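Engineer:
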Ligand SMILES: Cc1ncc(COP(=O)(O)OP(=O)(O)O)c(N)n1
Ligand SMILES: Cc1nc(C(=O)O)sc1CCOP(=O)(O)O
Ligand SMILES: [Mg+2]
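Numbering (the working numbering), first residue to last: 608 to 816.
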């Protein structure tokens, strides 16, 4: 059977999070270093700006055959022909997305509560975001810190692909994979790095250990 979720290192990028280089350069360097999935997450832009950035990013990612995921905004995701979209519990639901966008190939959904696992919304998703594994300054409107035991618990309850997000870095990536995550998603560990390619390579090495 073909692995429908082969991704191991997931960059969640915004222009604001990129401290040392333009976000398009960060994305390209990160891909060269081992990122195999990229989400554009722009929380403070107009739809027009979001769309423009998404088109620019997709042009680069297409050269490396790395899929683009759009955060929250279904209109932008469809317009730029992204591979997918990531949504949380306060966003448009996965079932609604499938109705509107029949050929979406990668639909992510955040898990903040074990009760969500049994829901149709979770089962409709292609992967589940463990939200967050560890508390992070990058996103503070969260309700739980799953920790390693939470990752293991979720792993024991579902066979769906699990993406670990929240304060993930080269020091904790291996143990989170060991606990049951399939893929590690990062913002700061790559976007705030002086050398994004090296940062991605270090993360990838930890994941593949
Ligand atoms: C891979 C991944 N996991 C979780 C999230 C968080 O999504 P959400 O809960 O909708 O929060 P916002 O990112 O929209 O603030 C994510 N974006 N990506
Ligand atoms: C985009 C996002 N979602 C989260 C969640 O918990 O759902 S945490 C997060 C930001 C992760 O940033 P960093 O890698 O800098 O900790
Ligand atoms: Mg969201």
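Quick reminder that beta carbons are idealized off the backbone N, C-alpha and C, glycines included.
All of these numbers come straight from a predicted model, not from anything done at the bench.
Is DSSP giving residue 646 helix, strand or coil here?
Structural biologist: Translated into the one-based positions of the chain shown, residue 646 becomes position 39. Strand at residue 646.
Engineer: Relative to the C-alpha of residue 780, which residue among 762, 787, 773, 791 is closest?
Structural biologist: Along the chain shown, one-based indexing puts residue 780 at 173. Per the Cα distances, 791.
Engineer: Which of the three DSSP states is assigned to residue 668 in this structure?
Structural biologist: On the chain shown, position 61 is the one that residue 668 refers to. The answer is helix: DSSP assigns residue 668 an H, G or I state.
Engineer: Please confirm whether any heavy atom of ligand 3 lies closer than 7 Å to the CB of residue 711.
Structural biologist: Position 104 of the chain shown, counting from 1, holds the residue named residue 711. Because no heavy atom of ligand 3 lies under 7 Å away, the Cβ of residue 711 does not count as near it: no.
Engineer: With a threshold of 7 Å (Cβ to nearest heavy atom), would residue 646 be considered close to ligand 1?
Structural biologist: Position 39 of the chain shown, counted from the start, is the residue given in the question as residue 646. Indeed, a heavy atom of ligand 1 lies less than 7 Å from the Cβ.
Engineer: Do you know whose CA, among 617, 653, 671, lies nearest residue 646's CA?
Structural biologist: Position 39 of the chain shown holds residue 646. Cα-wise, what sits closest to residue 646 is 617.
Engineer: Within 8 Å, do at least three Cβ pairs link the segment 651–659 to the segment 626–639?
Structural biologist: As far as the Cβ criterion goes, the segment 626–639 does not touch the segment 651–659, which means the pair count is below three.
Engineer: Regarding residue 614 and ligand 1, is the C-beta to nearest heavy atom distance less than 7 Å?
Structural biologist: The residue you call residue 614 lines up with position 7 of the chain shown. Residue 614: no, Cβ never under 7 Å from ligand 1.
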